[in-house]
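Down below is the structure, laid out as structure tokens.
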Amino acid sequence: MAREVCANYNLSLEMPTFEVASSINETINTSVSNTQACPKYLTRVVKGIDNTVATPQWMAKKLTRSGQALHSPVVDITNFVLLELGQPMHAFDLSKISGDISVRMANDGEKIELLNEQTLALKTDTLVIADDDNALAIAGVMGGMGSSTQTNTTDILLESAFFEPVSIAGKARNYGLHTESSLRFERGVDFNMTHTAMQRATQLVIEICGGQAGDISECIDESTLPALNPITITKAKIQKILGFELESDWIEEKFTSLDFEISAKDNESWTIVPPSFRFDIRIPADLIEELARLYGYDKLPVQKLSLDANINVISESVIDKYDIAQGLVNRGYQEVITYSFVSEQYQDLIDPSAKKITLSNPISADMSTMRSSLWAGLLQTVESNQRRGHTNARFFEIGLCFDGIKAEEQSQKIAGVITGNRFDDQWSNETQALDFYDIKSDVESLLSLTTNTFTFKAAEHPALQKGQTAQILLNDNAVGWVGTLAPHAQKQLSLSKCYLFELDLTSMQQGSVSKYQAFSAYQKAERDIALVIDENIPANDLINSIQSLNQTYLIDVNLFDVYAGENIESGQKSVALNLSYQSVEETLSDDQVNAQVSEVLALMQTKFSATQR
1 MAREVCANYN LSLEMPTFEV ASSINETINT SVSNTQACPK YLTRVVKGID
51 NTVATPQWMA KKLTRSGQAL HSPVVDITNF VLLELGQPMH AFDLSKISGD
101 ISVRMANDGE KIELLNEQTL ALKTDTLVIA DDDNALAIAG VMGGMGSSTQ
151 TNTTDILLES AFFEPVSIAG KARNYGLHTE SSLRFERGVD FNMTHTAMQR
201 ATQLVIEICG GQAGDISECI DESTLPALNP ITITKAKIQK ILGFELESDW
251 IEEKFTSLDF EISAKDNESW TIVPPSFRFD IRIPADLIEE LARLYGYDKL
301 PVQKLSLDAN INVISESVID KYDIAQGLVN RGYQEVITYS FVSEQYQDLI
351 DPSAKKITLS NPISADMSTM RSSLWAGLLQ TVESNQRRGH TNARFFEIGL
401 CFDGIKAEEQ SQKIAGVITG NRFDDQWSNE TQALDFYDIK SDVESLLSLT
451 TNTFTFKAAE HPALQKGQTA QILLNDNAVG WVGTLAPHAQ KQLSLSKCYL
501 FELDLTSMQQ GSVSKYQAFS AYQKAERDIA LVIDENIPAN DLINSIQSLN
551 QTYLIDVNLF DVYAGENIES GQKSVALNLS YQSVEETLSD DQVNAQVSEV
601 LALMQTKFSA TQR
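Per full-length UniProt numbering, residue 1 is the first one in the sequence shown, and the count goes up by one each step.
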């Protein structure tokens with residue numbers, strides 16, 4: 001904040017010095033085995049402190065107003081230095097340290113009890129601070145309970161370090177932790193501030209708690225410290241991005257006031273070295289952004305943008321996503337938006353054969369895998385609602401699913417889930433549970449929005465119940481599923497009976513332009529036929545075959561009865577179909593209708609060995 005004020009008011013920042021000379025000859029041997037992860041590690045022994053004194057009122061106010069809880073004077077001092085200088089610090093109880101200090105990678109399964117009383121089994125990619133016997137802290141994240149300072153602590157070891165951001169990034173989240181230190185180290189701290197912070201913390205400890213300090217022990221590997229790479233910017237680049245020209249003297253003045261070093265310059269360009277505390281400055285645009293910020297965004301000249309009026313042509317054959325969503329809303333569904341990340345448990349349950357795409361740095365363990373189906377998020381939504389007593393639900397979602405590691409291997413899908421009763425409880429309605437045919441009718445209603453011809457085929461899906469599962473086909477290509485959630489999945493997720501569907505959205509959106517067809521003013525003729533066929537032949541196959549005849553007068557085919565039992569041979573079933581015929585030009589005669597019915601019966605006998613009942 002002080003740097004920003006100085007830059008805005010053309011002042012020079014004078015950093016205070018906190019030199020505290022050593023008064024005792026006490027140090028602790030320190031080693032760093034992974035200098036790439038920890039290029040700089042400082043320690044200092046302070047002995048003879050009184051940790052029972054009260055934290056000064058001025059410090060307590062600043063900490064509480066910054067959202068920090070008060071603990072003991074030593075802990076409060078390290079928290080205060082973090083807020084004041086931006087350098088995370090830690091204090092160990094010296095009497096609880098066995099032997100030397102080493103900064104190393106954790107052993108697989110190594111245990112540590114943290115300050116929050118949580119015991120963790122560490123992974124080998126975790127950097128730790130350890131003594132000769134145990135891990136004392138997770139580097140840059142949280143200290144351990146075993147070496148923590150207490151009110152009876154008299155000797156402490158102060159730590160001030162620079163941990164490479166990549167080595168700390170995500171470690172706190174991986175262990176379900178969230179600390180101010182880990183946030184700072186992940187984003188990068190000033191590696192030139194470690195010594196100043198150590199002196200400041202020592203000064204405050206002696207001033208508040210008393211005691212005597214030893215020398216500062218340093219482990220520094222200059223070769224692994226972040227390089228301060230120079231960045232070249234030109235007047236032309238600044239003018240191109242900002243839209244106007246800035247004075248050269250003003251540019252140099254502002255960079256200097258922000259502690260940027262101008263290592264080289266000429267009439268048209270500058271080579272700038274960012275300070276060690278600015279990890280966010282990497283490219284010329286970052287430098288130009290600093291200039292714009294200090295100049296004032298409100299003072300930048302405004303120019304009206306010209307825009308070509310490019311009108312998007314929308315084909316009549318394309319069904320808008322909104323219309324598809326509205327079709328489900330009209331049938332009582334509610335749209336939800338869920339995370340694209342799911343737990344491995346859900347992914348394995350819903351789509352075990354899919355190529356699993358796991359995140360190296362997930363938000364949480366329950367969001368570690370990219371979804372290959374929308375069902376996982378929908379079922380989690382149902383689970384959440386049922387836990388809260390909402391047992392009747394109809395949800396749908398439109399979103400991307402991931403089929404591979406490449407960005408283009410994503411497909412947009414629409415999926416839905418229903419559970420509970422057909423209607424909400426009321427005195428005039430009898431309670432009726434939803435079933436497979438409810439969701440199938442919802443899907444059929446949805447598919448009727450397009451001019452494409454979809455078919456349903458009995459199939460098996462690992463997440464759906466056998467015998468109540470259908471694959472949805474378009475031109476013999478699978479584009480979706482509909483069915484009942486499998487009992488094992490239902491039990492594992494602690495859900496009541498659920499019914500699901502999922503469709504490739506593109507297959508629904510692409511169709512053909514609807515053509516006008518006049519209503520007939522003439523009477524419709526209907527014929528009912530009952531056919532005995534093999535029990536394994538789907539009735540839908542019969543209907544599709546009849547429609548494929550493209551008969552002149554046939555307008556509709558409906559299944560109205562299926563029977564198996566008395567007077568029907570074992571292994572067979574009776575299927576009753578209603579055939580509707582109509583002409584737009586005349587009233588059909590019996591001969592015209594019977595001729596087309598005979599054609600249907602002949603096809604049924606030839607293709608399915610059907611006999612008329």
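A virtual CB, placed ideally from N, CA and C, is assigned to each residue, including glycine.
The structure presented is a predicted model; accordingly, all values stated were derived computationally and were not measured.
Thinking just about the alpha-carbon of each residue, which of Glu245, Ser372, Ser269 and Ala530 is nearest to the one in Gln410?
Ser372
Could you give the first and the last residue of the continuous alpha helix (DSSP H) run that contains His195?
Thr194 to Cys209
Determine the contact status of Ala489 and Ala525, defining contact as a CB-CB distance below 7 Å.
no
Beta-carbon spacing of Ala478, Gln471 below 7 Å
yes
In terms of residue numbering, what span does the beta strand (DSSP E) encompassing residue 615 cover?
In the structure displayed, the chain extends from 1 to 613; residue 615 sits before or after that span and is not available.
In the DSSP assignment, what residue or residues form a beta bridge with Lys413?
Gly399 and Asp504
In angstroms with no decimal places, state the Cα-to-Cα distance between Gly327 and Val382.
21 Å
DSSP three-state label for Tyr499, please.
strand
Within 10 angstroms of the Cβ of Met89, are there 16 or more other Cβ atoms? Answer buried if so, exposed if not.
buried
Assess contact between the stretch 181-197 and the stretch 78-97, defined as three or more Cβ pairs (one per stretch) separated by less than 8 Å. Is contact present?
yes
Alpha carbon to alpha carbon, how far is Asp442 from Arg613? Give it in angstroms, no decimals.
33 Å
Measuring CA to CA, which of Gln517, Ala602 and Glu566 is closest to Gln582?
Gln517
Under a three-way DSSP split, which group does Lys111 fall into?
strand
Where the beta strand (DSSP E) through Arg44 begins and ends
Lys40 to Lys47
Using three-state DSSP, classify Ala518 as helix, strand or coil.
coil
Presumed contact (8 Å Cβ cut-off) between Ile231 and Leu300, rounded CB distance:
Rounded, the Cβ-Cβ distance is 22 Å, inconsistent with contact.
Compare the C-alpha of Ser102 against each of Asn116, Pro73, Val32 and Asn134 and name the closest.
Val32
Round the Cβ separation of Asp534 and Gln510 to the nearest angstrom and send it over; I've been treating them as touching at under 8 Å.
With 8 Å as the limit, Asp534 and Gln510 do not qualify as a contact, their Cβ atoms being about 36 Å apart.
Go to His90, then tell me how far its beta strand (DSSP E) extends in each direction, as first and last residue.
Met89 to Asp93
Have a look at the DSSP bridge pairing and note the partners of Arg371.
None, per the DSSP bridge assignment.
Please classify Phe260 as buried or exposed, where buried requires at least 16 neighbouring CB atoms within 10 angstroms.
buried
Alpha carbon to alpha carbon, how far is Phe402 from Ala354?
10 Å
Considering Cα atoms alone, identify which of Ala610, Val593 and Val584 is closest to Glu569.
Ala610
Ignore the nearest five residues each way along the sequence and tell me which others in Leu554's own chain have a CB closer than 7 Å to its CB.
Leu579, Tyr581 and Gln596
Separation of Val302 from Ala309, as counted between CA atoms:
21 Å
Quick check on this structure: which residue in Cys38, Lys235 and Ser340 has the alpha carbon closest to the alpha carbon of Phe191?
Cys38
What separation, rounded to the nearest whole angstrom, lies between the Cα atoms of Lys235 and Leu503?
54 Å
Looking only at DSSP bridge pairs, what is Leu158 linked to?
Arg44 and Ala91
Checking 7 Å against the spacing of the C-beta atoms, do Ile156 and Leu42 come in under that value?
no
Go through its chain and collect everything with a Cβ distance to Tyr563's Cβ below 6 Å, but skip five positions before and after it.
Ser574
Length of the line joining the Cα atoms of Ser160 and Thr124:
23 Å
Under 6 Å Cβ to Cβ from Asn229, same chain only, skipping five residues before and after it: list those, please.
none
Please go through the same chain and pick out, in chain order, the residues whose beta-carbon is closer than 7 Å to the beta-carbon of Ala376, but skip the five residues on each side of it.
Val342, Tyr346, Gln347 and Ile350
For Met59, which residues of its own chain have a beta-carbon under 7 Å away from its beta-carbon, when the five flanking residues on both sides are left out?
Asp76 and Phe80
Close Cβ partners of Phe279 (< 6 Å) along its chain, the five nearest in sequence each way excluded:
Gly188
Spatially closest choice to Ser448 from Asp100, Ile324 and Gln386, by CA coordinates:
Ile324
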